[in-house]
Amino acid sequence: MVFRLLRGGLGRFHALFHLSHLAMGATAEAPVAIAVAIPAFLGLALAWPRGEATA
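Residues are numbered in the numbering used here as their position in the sequence shown, beginning at 1, plus a constant of 47.
This is how it looks when you write it as structure tokens:
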């Protein structure tokens with residue numbers, strides 16, 4: 048379970064985190080927006096369909 052989360056879920060979370068940061072830009076509100084977005088993105092990463100890796 049933990050390995051699957053690290054391999055799949057957190058990878059997607061990491062990508063979404065960077066995309067959200069780029070979308071927000073470097074504003075004073077960015078740290079607050081990131082703190083609010085982290086639980087939402089983590090939930091999305093955990094709920095994302097998990098197909099078996101082909102490699």
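Think of the CB as a built atom: it goes at the ideal place given N, C-alpha and C, for glycine as much as any other residue. All values reported here derive from a predicted model rather than from experimental measurement.
When we look at the beta-carbon of residue i and count the other beta-carbons within 10 Å, is it buried (16 or more) or exposed?
i, result
"residue 92", "buried"
Determine, using beta carbons only, whether residue i and residue j come nearer to each other than 8 Å.
i, j, result
"residue 67", "residue 94", "no"
"residue 88", "residue 63", "yes"
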